[in-house]
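Each residue of the sequence shown is one higher than the one before, starting from 6 at the first, in our numbering.
Ideal Cβ placement from N, Cα and C applies to all residues, glycine included.
Owing to the predicted nature of the structure, the values given are computational and were not obtained by experimental measurement.
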Amino acid sequence: MALTRTENKPLRIIRINEVLQRQGLPKSTFYEKVKMQLMTAPVSLGARSVGWPEHEVDEINKALIGGANAEQIRTLVIKLTKQRQQLMCD
Numbered sequence: 006m007a008l009t010r011t012e013n014k015p016l017r018i019i020r021i022n023e024v025l026q027r028q029g030l031p032k033s034t035f036y037e038k039v040k041m042q043l044m045t046a047p048v049s050l051g052a053r054s055v056g057w058p059e060h061e062v063d064e065i066n067k068a069l070i071g072g073a074n075a076e077q078i079r080t081l082v083i084k085l086t087k088q089r090q091q092l093m094c095d
């Protein structure tokens with residue numbers, strides 16, 4: 006999936022509680038997935054605030070629902086992380 010807006014939706018950053026709800030995981034397990042590169046790293050929103058691009062959470066959830074294994078998820082996370090850098094150039 007390209008990082009450009011899909012279906013004319015603006016890019017949106019969601020906070021940890023919404024991410025946890027969408028993933029169905031406790032916070033400790035979720036952050037372990039981030040550490041293992043099975044989830045993208047958070048985006049800094051300020052001194053003590055972070056969030057995740059909504060489309061990244063959605064793409065990872067789609068892959069999980071589709072039966073992707075850990076290595077496939079890790080590859081997707083790396084791809085999504087690289088695409089973040091392209092946003093700065095657009």
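*Helix, strand or coil: how does DSSP classify Ser-54 here?*
Translated into positions along the sequence shown, residue 54 becomes position 49. In this structure, Ser-54 counts as coil in the three-state DSSP scheme.
Quick one, which of Arg-89, Glu-76 and Leu-92 has its alpha-carbon nearest Lys-38's? Looking up residue 38 in the sequence shown gives position 33. That would be Glu-76, whose Cα lies nearest to the Cα of Lys-38.
Expressed to the nearest angstrom, what Euclidean distance is found between the alpha-carbon atoms of Leu-18 and Pro-31? Walking along the sequence shown from the start, residue 18 turns up at place 13. Walking along the sequence shown from the start, residue 31 turns up at place 26. Note that residue 18 is Ile in the sequence shown, not Leu. Distance between the alpha carbons of Ile-18 and Pro-31: 20 Å.
TODO: With a floor of 3 residues, list each beta strand (DSSP E) that falls wholly inside the region 26-81, ordered by position along the chain.
DONE: Taking only runs of at least 3 residues, the beta strand (DSSP E) segments lying wholly in the region 26-81 are 55-58.
- request: Tell me Ile-19's beta-bridge partners as DSSP assigns them.
  value: Counted from its first residue, the sequence shown places residue 19 at position 14. Answer by DSSP bridge pairing, in chain order: Trp-57.
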